[in-house]
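Okay, so here's the structure we're looking at.
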Amino acid sequence: MLQTVAMPGSVPEAQRFLSNLEGAIILAGGTVVMPVLNYGTDAFTSLVSLRKAGLSGISVETGKTTIGAATTLTELEDEKALAFLHPALDTIASPTIRNMATAGGNLFVKQPYGDLTVCLIALGAAATIAGAKGERIEPVEQTVSSGVKAGEIVTQVSFAMPAKDAFKFTKATRKAFNSAAIVTVAAVVVLEGGVVSSARIALGGVAKTPVRATSVEKALTGKLFDRAHVEAAAKEALKDIDPADDAYASAWYRARVTPVHVRRALLGE
Amino acid sequence: MKHSVVSLTINGAERQMLVAPGSTLIDVLRESQGLTGTRRGCEQGACGTCTVLVDGKTAMSCMLPVETIEGAHVETIEGLTPPQGLHPIQEAFLQGFATQCGFCTSGMIMVAAALLAKNPNPSREDVVRAISGNICRCTGYEAIIDAILDAAVRIRSAAHAEAA
Amino acid sequence: MARLKGRGVAAVNYPTGMNLGGDPSQALIHATTTGSFVITLSSVDLGQGIKTVGAQIAAETLGVPYESVMIDTADTDTGPHCMGTFASRGTHRIGNAIMMAAKEAREVMMCVAATELEVDAGDLVTDGKGRIHVNGAPDKGIAVLDVALAAHFKHGKTISGRGMYLKPKSEVVPETGEMDPDSCQAHACTIAEVEVDDETGDVTVLKMTNAYEIGRAMNPALAHQQIVGGAWMGISHALYETTEPYYPNRAHGPLDFSEYLMPGPGDIAEMDSVIIERPSSNGPYGAKGIGEMTANSPIPAIANAIFDACGVRVTSMPITPEKILRGLDALRGNPN
Amino acid sequence: MEKIDTSFFAKEREAELSVVGESVQRADARGHVTGRTQFYEDVTFPNTLHLKMVRSTRHHALIKGIDTEAAMKVPGVVRILTHKDVPNNWYTILKLIGVGPDDEPVLPEDRVLFMGEQICAVLAETPQAALEAARRVVVDYEDLPPVFDVEAAMTSTPFKKDGTNYFVYEGHNCRRIRFGDVEKGFAEADHVIEHRYESSPIEHAPTETTGCTAKPEGNGRITIYSNTQALYFTLDNMALILGVPFNKLRLVGGTVGGGFGGKVDVIVEPIAALGAMLTNRPVKYAYSRAEEMQVSSPRAAERIYIKDGVMKDGRIIARKITLYVDAGAYCRHSTYGTTKAAAHMPGPYTIPNVHVDAYCVYTNRTPSSAMRGFGVTIGDFALESQMDQIARFLDMDPMELRLLNAYRDGDMKAHRKKVDGAALVEVIQAAARQTGKQLAPRFAKMSSMTREG
């Protein structure tokens with residue numbers, strides 16, 4: 001049974017709570033933790049809320065955008081400089097959930113949720129993690145695949161703004177709004193003279209965590225960015241995914257339509 | 001387990017309450033404040049029936065431990081209802097036959113209130129987006145969408161009449 | 001990539017009521033001394049509107065304003081027996097019981113009014129606005145309120161009525177299945193128009209045109225609610241819903257409204273519905289049960305429209321994108 | 001908004017109604033929009049205990065033991081109810097209308113037959129304490145093989161203590177309809193068209209979950225505030241289970257946050273009332289959303305085989321239906337629903353030779369029960385898909401195929417009830433009219449009221 005909800009006013013204080021309180025976990029927006037608590041759990045007995053730990057805010061500077069971990073998805077939506085993320089944010093749950101859910105929390109959401117994280121991986125974002133021995137910075141991709149250690153806190157994520165029109169996003173869903181992903185595709189594709197000079201592509205919903213579609217990236221780079229090349233490259237996605245059955249779709253279906261949605265995302269179909 | 005004292009402004013009135021760790025806003029509203037118009041639908045953040053406004057923004061009250069929103073302003077369906085008559089959104093739901101069993105209605109109206117405060121002239125798709133986290137199993141949504149659009153007209157014309 | 005359009009039709013009937021164990025409901029009605037009427041039931045309103053339609057039936061029968069009728073439900077200490085709200089029985093069974101109770105109460109009311117007005121009860125009519133008067137002579141009349149007061153304080157009478165409707169038990173003949181399982185049948189026809197994405201199997205329901213025959217629309221706005229909500233549930237059943245997505249395997253059963261798939265407000269189809277009325281011989285004012293039927297015709301209409309669109313016949317519900325895509329692949333010679 | 005086409009059946013429609021037929025405002029709408037409508041959960045009492053259920057984690061198993069020691073030590077736990085506490089441990093809803101069998105215990109004694117089956121009930125001061133104690137109860141299972149497929153279940157070893165894996169209808173293993181001679185019909189038919197249809201279970205998913213609060217009164221009675229769809233069903237079943245006179249119980253309800261058939265089973269009330277009787281305190285038992293989704297009874301899955309004998313001109317002269325209703329582990333209302341499914345066949349069509357075998361089959365899944373369209377919805381999916389397949393096979397207009405076979409006043413249905421008040425013809429005509437579709441003259445002038453045309 002829950003014993004404490006701690007409200008640290010800073011990151012160091014939050015770290016102290018995390019190490020001193022028995023069975024403590026981080027509470028960000030609450031949209032993942034609270035449903036677990038409401039049904040009763042032995043997984044934790046204390047919550048350390050980041051709501052007042054000073055981790056909220058967005059800074060958009062030339063070359064680098066930084067998002068505090070406790071920034072809500074609604075705050076991201078309202079940030080005009082991040083308009084390119086709007087179509088992606090719009091697919092995440094509902095406006096009410098976006099009022100509560102945070103950017104940092106999104107990194108730890110189980111699949112097939114967590115579409116912001118798919119975008120961050122495509123953007124090559126880095127996570128700043130406060131630990132017992134100070135801060136470290138690592139690719140979001142790594143944070144997502146290996147998680148953080150007990151007592152560590154993701155304090156912010158940052159990325160370089162993509163070139164105009166370079167960011168692509170598609171989320172295949174069963175419902176128009178407020179739907180988990182069948183397949184989420186986010187990509188930053190840079191063209192030089194109609195040829196792909198670089199591509200970072202991330203997929204959601206098709207593995208245990210969001211993944212890089214490195215095979216597609218490889219197949220695409222250096223190629224003419226036309227339908228034929230994109231379609232061929234999209235088929236390579238099957239090498240990058242390991243989908244599972246769930247209540248939304250089967251592994252077979254996800255694999256079957258992944259190349260379709262990768263192509264659609266890249267071509268903006 | 002240590003209880004703590006939390007202060008909230010609920011429907012304009014300051015309230016202090018002693019709560020167990022992790023007590024959710026819906027528990028406090030329904031059980032200690034007697035504000036039962038906020039409905040408990042799933043406790044998982046997936047149905048929207050418990051939606052209230054916290055500092056003007058919609059929130060699912062089943063997912064908010066009250067310790068984390070100390071000092072917040074909370075508005076519920078009871079607070080939205082004027083002393084006399086009905087709020088234009090309520091009037092639109094009533095006239096538009098937008099309720100059947102009525103269980104989702106409070107949440108729908110609170111979402112509509114937040115939408116119309118931010119966007120007094122929403123498109124149909126704006127309304128659809130706004131209520132996309134709120135489940136209704138009876139109506140098929142059409143009457144609810146129409147009612148919210150009608151409410152927007154009612155509020156705008158009331159504001160217009162006041163200005164004139 | 002192509003979006004294939006198709007159209008499908010389905011027509012159904014639906015029984016009102018159950019009676020394999022006998023199907024009764026009762027209603028009591030009495031006038032207060034304030035000129036209002038209270039109907040006492042133990043019936044349940046799930047949102048379908050029995051609290052509204054029951055009052056309408058009573059007001060119609062009594063000849064008084066709808067606003068002067070109140071429904072008091074549901075408490076087993078005060079409300080007489082009702083089987084429950086299911087089997088599209090509410091409006092038919094409870095409505096019949098209310099109508100019978102209202103007739104009995106009306107008789108007493110008219111009788112007292114006749115005494116007060118010193119005329120023959122047979123010459124009196126109600127105006128539906130709270131007065132009773134001599135037919136053809138609106139000035140020679142009396143307010144229902146005054147009748148209620150007179151009955152109570154002068155004549156020592158209760159203006160009240162008892163209502164009961166029973167569809168008797170029907171035994172099934174085991175060898176042949178001969179039985180009388182219902183009271184009447186409502187009808188529906190749906191024409192569904194859909195679009196199928198031939199690369200993903202996703203279906204969009206573009207439009208549903210429905211005709212519903214419901215006996216008599218007691219309250220057209222409430223009937224419309226059932227129609228729109230029921231047709232939505234039909235789309236939902238056809239394309240989305242199940243507690244066991246891998247049936248008969250029990251894995252991955254949804255636990256919440258995220259996993260349990262239903263169309264949201266962004267997925268609703270354009271709807272054009274018309275009601276036609278063939279009053280039933282045994283329902284109150286010709287009513288039939290409507291609540292359940294509305295979900296039924298859309299489901300096969302959508303299935304048939306999907307076949308029309310893309311040539312894939314999915315014979316298991318729900319018709320998921322996966323089932324359609326497997327069918328499309330088979331048609332294209334890529335069986336999986 | 002609503003449109004009524006009064007051109008149909010004009011002579012039969014009663015004229016001169018004043019309140020009936022009017023779209024008066026809903027009596028409950030003002031309460032709904034202000035949040036003041038009182039649902040069962042809005043009535044609360046001090047000193048209420050919260051009931052949370054320990055549930056089976058197995059599809060089919062023997063219960064070798066239940067250890068509640070650790071659970072009882074959780075602060076706030078007051079009592080844990082097991083089958084030993086239930087006076088008459090049979091939960092048989094249709095007993096009231098003379099349909100058995102007694103196959104479902106209120107709380108199981110020695111075995112569980114589906115995942116999620118309730119095993120014992122924890123009563124505690126707070127929901128959190130009850131949930132924690134429920135996690136501390138240790139159930140020792142011995143797994144048994146489950147059966148999930150309806151046709152496999154028909155022939156596999158019975159998994160209940162008594163009886164078969166299917167309900168026996170007066171000596172028959174299915175509900176039968178026999179009308180005409182279906183084999184003769186097939187022999188005479190130009191074509192025989194046979195297909196299989198299937199569905200998986202569907203949840204009612206009302207926004208308000210099933211629940212109740214049982215409150216002991218000073219006079220020794222118990223008041224149960226419930227969102228049941230049927231107060232007397234609930235009251236009568238509770239009295240039988242609790243072994244108390246009917247007048248000891250009072251049910252209060254009538255305002256329900258969506259039902260769709262999901263709140264007709266009487267699951268929560270008997271145990272909550274038992275808890276109230278044994279502790280002399282109010283007890284609340286409400287399903288969580290997860291319980292509502294997976295433990296409350298769904299609409300049954302069905303499997304339906306339809307074999308039709310069809311003439312070149314579209315007349316269906318024989319229809320044979322084999323239908324399996326997946327009742328899940330216990331019968332609840334499924335025995336009745338299967339009969340209703342049989343009676344619905346062969347759909348709204350007049351077919352001279354009809355043969356129906358409708359099986360009510362038990363499998364190791366959540367018991368199914370009533371839902372909007374009980375016994376009919378899945379049958380309609382099968383029937384109307386089949387009609388489309390016939391129309392395609394014969395290259396006929398699908399509406400005209402239906403009109404050709406439509407039942408009309410005076411026809412005899414397969415369950416030997418004469419048709420009256422038919423209107424299938426007219427709804428098809430009305431739908432055609434709405435979409436601007438021209439029916440052939442013979443179909444455009446058809447009527448349900450006469451056999452002409």
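Residue numbers (full-length UniProt numbering), protein chains in the order written: chain X, 1 to 269; chain H, 1 to 164; chain B, 1 to 336; chain R, 1 to 453. The C-beta atom is built at its ideal place from N, Cα and C for all residues, glycine as well.
Where does G218 (chain R) land, buried or exposed, given buried means 16+ other C-beta within 10 angstroms? By the 10 Å Cβ count, G218 (chain R) comes out exposed.
Exposed unless 16 or more other CB atoms sit within 10 angstroms - verdict on S10 (chain X): Answer is exposed; the Cβ neighbour count stays below 16.
Should G95 (chain B) go down as buried or exposed, given a rule of 16 or more other Cβ atoms within 10 Å for buried? By the 10 Å Cβ count, G95 (chain B) comes out buried.
Any residues in the stretch 86–102 of chain H with a beta carbon nearer than 7 Å to a beta carbon of chain B? Which ones, in chain order? Those residues of the stretch 86–102 of chain H that come within reach of chain B (Cβ to Cβ, closer than 7 Å) are F97, Q100, C101, G102.
Check whether the stretch 58–75 of chain R and the stretch 296–314 of chain R are in contact - that is, three or more C-beta pairs closer than 8 Å. Cβ pair count under 8 Å is below three, so no.
Alpha carbon of N165 (chain R) to alpha carbon of T157 (chain R), nearest angstrom: Spanning the two alpha carbons is a distance of roughly 8 Å.
Which of the three DSSP states, helix, strand or coil, is assigned to C212 (chain R)? Annotated three-state conformation of C212 (chain R) is strand, per DSSP.
So for R136 (chain X), helix, strand or coil by DSSP? Strand.
Determine the DSSP secondary structure at T143 (chain X), reduced to helix, strand or coil. In the structure shown, T143 (chain X) sits in a helix (DSSP, three-state: H, G or I).
Who are the Cβ neighbours of S42 (chain B) in its own chain at under 6 Å, not counting the five residues just before and after it? The answer, listed in chain order, is A74, T76, G79, C82.
Within the 7 Å Cβ cut-off, does R174 (chain X) reach chain H? It does not: the Cβ of R174 (chain X) has no partner Cβ on chain H nearer than 7 Å.
For a test of the three-state rule: what should DSSP assign to K103 (chain B), helix, strand or coil? In this structure, K103 (chain B) counts as helix in the three-state DSSP scheme.
From the DSSP secondary-structure annotation, give me the bridge partner or partners of residue 458 (chain R). Nothing about residue 458 (chain R) can be reported from this structure: the residues present for chain R run from 1 to 453 only.
Taking C-beta to C-beta, are C42 (chain H) and R289 (chain R) nearer than 7 Å? Cβ atoms of C42 (chain H) and R289 (chain R): closer than 7 Å.
Residue range of the alpha helix (DSSP H) that includes G105 (chain X): Residue range 103–106 is occupied by the alpha helix (DSSP H) that includes G105 (chain X).
Three-state secondary structure (DSSP) at N304 (chain B)? Secondary structure at N304 (chain B): helix, using DSSP grouped into helix, strand and coil.
Contacts that Y336 (chain R) makes with chain B (C-beta to C-beta distance below 9 Å): Counting only Cβ-Cβ distances below 9 Å, Y336 (chain R) has contacts in chain B at M18, L20, G21, in chain order.
Mind checking whether V427 (chain R) and A211 (chain B) have CB atoms under 7 Å apart? Between V427 (chain R) and A211 (chain B), the C-beta gap is smaller than 7 Å, which places the two residues in contact.
Please name the residues in the stretch 19–41 of chain X whose beta-carbon is closer than 7 Å to at least one beta-carbon of chain R, in chain order. If the cut-off is 7 Å between Cβ atoms, the stretch 19–41 of chain X has Y39, G40 near chain R.
Inspect the CB distances between the stretch 133–145 of chain B and the stretch 30–41 of chain B and report whether three or more fall short of 8 Å. Yes: the two stretches touch, three or more of their Cβ pairs being nearer than 8 Å.
Is it the case that the Cβ atoms of N185 (chain X) and A166 (chain X) are separated by a distance below 7 Å? Residue identity check: residue 185 (chain X) is Val in the sequence provided, not Asn. With respect to A166 (chain X), V185 (chain X) sits apart: the two C-beta atoms are not nearer than 7 Å.
Quick one, are the C-beta atoms of V264 (chain R) and Q229 (chain R) less than 7 Å apart? Cβ atoms of V264 (chain R) and Q229 (chain R): closer than 7 Å.
Measuring CA to CA, which of B:S170, B:I214, B:E244, B:G63 is closest to S199 (chain R)? Checked all of B:S170, B:I214, B:E244, B:G63; the closest Cα to S199 (chain R) is B:E244.
Look at the alpha carbon of G177 (chain B) and the alpha carbon of K84 (chain R), and state the distance between them as a whole number of angstroms. For G177 (chain B) and K84 (chain R), the gap between their C-alpha atoms comes out near 41 Å.
Considering only C-alpha positions, which residue in the set B:G130, B:M99, B:V173 is nearest to T61 (chain B)? Among B:G130, B:M99, B:V173, the Cα nearest to that of T61 (chain B) belongs to B:M99.
Mind checking who Q118 (chain R) pairs with in its DSSP beta bridge? According to DSSP, Q118 (chain R) bridges with R:R55.
May I have the straight-line CA-CA distance separating P201 (chain R) from I71 (chain B), to the nearest angstrom? Straight-line Cα distance between these residues: approximately 36 Å.
Less than 7 Å separating the beta-carbons of V48 (chain X) and F17 (chain X)? Pairing V48 (chain X) with F17 (chain X) gives a Cβ-Cβ distance under 7 Å.
Within the 7 Å Cβ cut-off, does M1 (chain X) reach chain R? At least one chain R Cβ lies under 7 Å of M1 (chain X).
Where the stretch 112–142 of chain H meets chain B: residues whose CB sits under 7 Å from a CB there: Interface annotation for the stretch 112–142 of chain H against chain B: V128, I131, S132, I135, C138, T139, G140, Y141, E142, criterion Cβ-Cβ distance under 7 Å.
For K168 (chain X), three-class secondary structure by DSSP: Reduced to three states, the DSSP call for K168 (chain X) is strand.
Among R:F159, R:A214, R:I241, R:Y407, nearest to P46 (chain R) - alpha-carbon criterion: The residue with the shortest Cα to Cα distance from P46 (chain R) is R:A214.
Measure the C-alpha to C-alpha separation of S197 (chain X) and L123 (chain X) and round it to an integer number of angstroms. About 15 Å.
Flag S43 (chain B) as yes if its beta-carbon sits less than 7 Å from any beta-carbon of chain H, otherwise no. Output row for S43 (chain B): interface = no.
Residue interval of the alpha helix (DSSP H) (run including F37 (chain B)): Premise fails: F37 (chain B) lies in the beta strand (DSSP E), 37–40, not in any alpha helix (DSSP H).
Note down, one range per segment and in chain order, each beta strand (DSSP E) of at least 3 residues found wholly within the stretch 146–171 of chain R. With a minimum length of 3 residues, no continuous beta strand (DSSP E) run stays inside the stretch 146–171 of chain R.
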